[in-house]
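No gaps in the numbering here: position 121 of the sequence shown is 128 in the numbering used here, and each next residue is one more.
The beta carbon of each residue, even a glycine, is placed where N, CA and C say it ideally should be.
Before any comments, here is the structure.
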Amino acid sequence: MTKTPASAPDQPFSSGSVETGSPAVAPLRLCESSSLEDRGKAFVFDVQLYGDPARAFVLRFDGQVVAYLNRCAHVPTEMDWQHGEFMDGDKAFILCSIHGAAYQPETGRCVAGPCGRGRLMPLSVFEREGAVYWQPDRDIRPAPAASSGAPV
Ligand code: FES
């Protein structure tokens, strides 16, 4: 989901503590804004979902950046038909390549196919000074090596 922070991140990638006792993680720079063509190929990156390896993706749709866990709501598997290719032929929906579930890019809600009333799990992303950033949360955190994202 798109998010504009009240204050821009200005700290390097680091851990800290928050009131919940969970370590806080600074936003991670994912890619250049210019690399995300509208309704085009997504940037795919490694994450940890509840401590387990997973992947997520960010793409641009109608000018906004949106990001989701790369995991279908029908069967928990990755959805891209080629690396980073999530959009359907009309570039209107995020499409799962396995059984054809279609998701609304702005919300991640299932709109057709076997995903029922499911939805994709969103990640908080925003743009600043020509780059796309991801703000990790307690559930979806950076992969240990942070191999695909560069520190802020
Ligand atoms: S796994 Fe995505 S539609 Fe079945």
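Item: Ligand 1 heavy atom lying under 7 Å from the CB of Gly-107; Value: yes
Item: CB contact flag (Ala-80, Ala-108, <8 Å); Value: yes
Item: As assigned by DSSP and simplified to three states, the class of Asp-144; Value: coil
Item: Contiguous beta strand (DSSP E) assignments of at least 3 residues, all confined to the region 31 to 104; Value: 35 to 39, 50 to 56, 59 to 68 and 71 to 76
Item: Gly-28 in three-state terms, based on DSSP; Value: Residue placement at Gly-28 is poorly supported in this model, since its pLDDT is 45, which falls under 50; the coordinates still yield a value, given next. Looking at Gly-28 - three-state DSSP - the assignment turns out to be coil, as it is neither helix nor strand.
Item: Where Cys-117 sits in the DSSP three-state scheme; Value: strand
Item: Segment contact, 8 Å Cβ cut-off, at least three pairs: the region 97 to 114 with the region 139 to 149; Value: no
Item: Separation of Gly-137 from Arg-78, as counted between CA atoms; Value: 28 Å
Item: Distance CB(Val-65)-CB(Leu-37) smaller than 8 Å; Value: yes
Item: Local Cβ density within 10 Å of Ala-13, reported as buried at 16 or more and exposed below that; Value: Residue placement at Ala-13 cannot be trusted, given a pLDDT of 37 that sits under 50; the coordinates are not used to answer.
Item: Endpoints, the beta strand (DSSP E) within which Glu-136 is located; Value: Careful: Glu-136 lies outside any beta strand (DSSP E) and carries neither H nor E.
Item: Any non-hydrogen atom of ligand 1 closer than 7 Å to His-81 Cβ; Value: yes
Item: Environment of Gly-70 [buried if 16+ CB atoms lie within 10 Å]; Value: exposed
Item: Counted within 10 angstroms of its Cβ, other Cβ atoms place Arg-67 as buried (16 or more) or exposed; Value: buried
Item: Where Pro-151 falls: helix, strand or coil (DSSP); Value: coil
Item: Val-54 and Ala-152 closer than 8 Å at C-beta; Value: no
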